[in-house]
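Q:
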Amino acid sequence: MLIIIVIVLAYLCGSVPTGVLLTKRLGLNIRAMGSGNVGATNVARSAGKKVGLLTLLGDIIKGLVPVLLVRFLDLGETALACAAVAALLGHIFSPFLGFSGGKGVATGLGVLLGLAPLVILFALIFFSVTFAASRIVSLASLVATAATPLLLWWFAYSSARFYAGLLIALLIIIRHQDNIVRLLNGQEQKFSFAKTPPAA
113 MLIIIVIVLA YLCGSVPTGV LLTKRLGLNI RAMGSGNVGA TNVARSAGKK
163 VGLLTLLGDI IKGLVPVLLV RFLDLGETAL ACAAVAALLG HIFSPFLGFS
213 GGKGVATGLG VLLGLAPLVI LFALIFFSVT FAASRIVSLA SLVATAATPL
263 LLWWFAYSSA RFYAGLLIAL LIIIRHQDNI VRLLNGQEQK FSFAKTPPAA
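Numbering (the numbering used here), first residue to last: 113 to 312.
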């Protein structure tokens, strides 16, 4: 019963549509702008750097909070893994958005920051180096995401955290399938804060 409560609460926390709420305050409908994605990249491209950064921060926090709460309450590794995955699923399949949502990178970052801070440090290095070289957010996100399960294994985190990280990575990669096709075709756009964004 406790695990079910943890899953439901983490899912609801993750499902808060940060980008939609922030842009709505500006009189904007982010789902009708740019790529239509509710994540920080499209928000930054469509509504500007400040709102994009606030969306990024909000999406990170909603992934981090459920994991930290489970750790604080010492509910065990299984509950921790369930909370982590549930928070990400809430972001990707938000009931407030008709069970659609973002691609999970920022919320996944928050979740893994609570699960494995050391891994996030190295994943951010992978992201930063790839982004600096390519200026393509999706490519940098995919590289960092793919590295995460390997880093969890390398640093010998518990099996529950490893499998949670693996599932999270797979979900994020699946959500980027359109980006992967564009990358393979050489059509993925480089990042900018332009008001009229390319697809993301």
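The beta-carbon is built from N, C-alpha and C at its ideal position, and this holds for glycine as well.
Nothing here was measured: the structure is a model prediction, and the numbers come from that model.
By Cβ distance below 7 Å, which residues in the same chain neighbour Arg-294 in space, the five residues on each side in sequence not counted?
A: Contacts found: Glu-300.
Q: In angstroms, rounded to a whole number, what distance separates the CA positions of Ala-235 and Ala-218?
A: In a straight line, the C-alpha of Ala-235 is about 12 Å away from that of Ala-218.
Q: Bridge partners for Ser-212 per DSSP, in chain order?
A: Looking at the DSSP assignment, Ser-212 forms a beta bridge with Ser-206.
Q: Looking only at its own chain, which residues have a Cβ that is under 6 Å from the Cβ of Leu-221, when we skip the five neighbours before and after it?
A: Hits under 6 Å: Ile-172.
Q: What separation, rounded to the nearest whole angstrom, lies between the Cα atoms of Pro-129 and Val-231?
A: The alpha-carbon atoms of Pro-129 and Val-231 are separated by roughly 26 Å.
Q: Is the Cβ-Cβ distance between Leu-168 and Ala-152 less than 9 Å?
A: Yes, the Cβ-Cβ distance between Leu-168 and Ala-152 is below 9 Å.
Q: Among residues of its own chain, excluding the 5 on either side of Gly-202, which ones have a beta-carbon nearer than 6 Å to its beta-carbon?
A: So the qualifying residues of the chain are Tyr-123, Gly-126 and Ser-127.
Q: Are at least three pairs of beta-carbons, each pair with one atom in the region 187 to 203 and one in the region 279 to 290, less than 8 Å apart?
A: The region 187 to 203 vs the region 279 to 290: in contact.
Q: Indicate whether the contact test is met: 3 or more Cβ pairs, each with one atom in the region 247 to 263 and one in the region 174 to 184, closer than 8 Å.
A: No contact exists between the region 247 to 263 and the region 174 to 184.
Q: For Trp-266 and Ala-252, what's the separation of their Cα atoms in angstroms?
A: Distance between the alpha carbons of Trp-266 and Ala-252: 21 Å.
Q: So is Leu-225 buried or exposed if we call it buried at 16+ other beta carbons inside 10 Å?
A: Burial call: buried.
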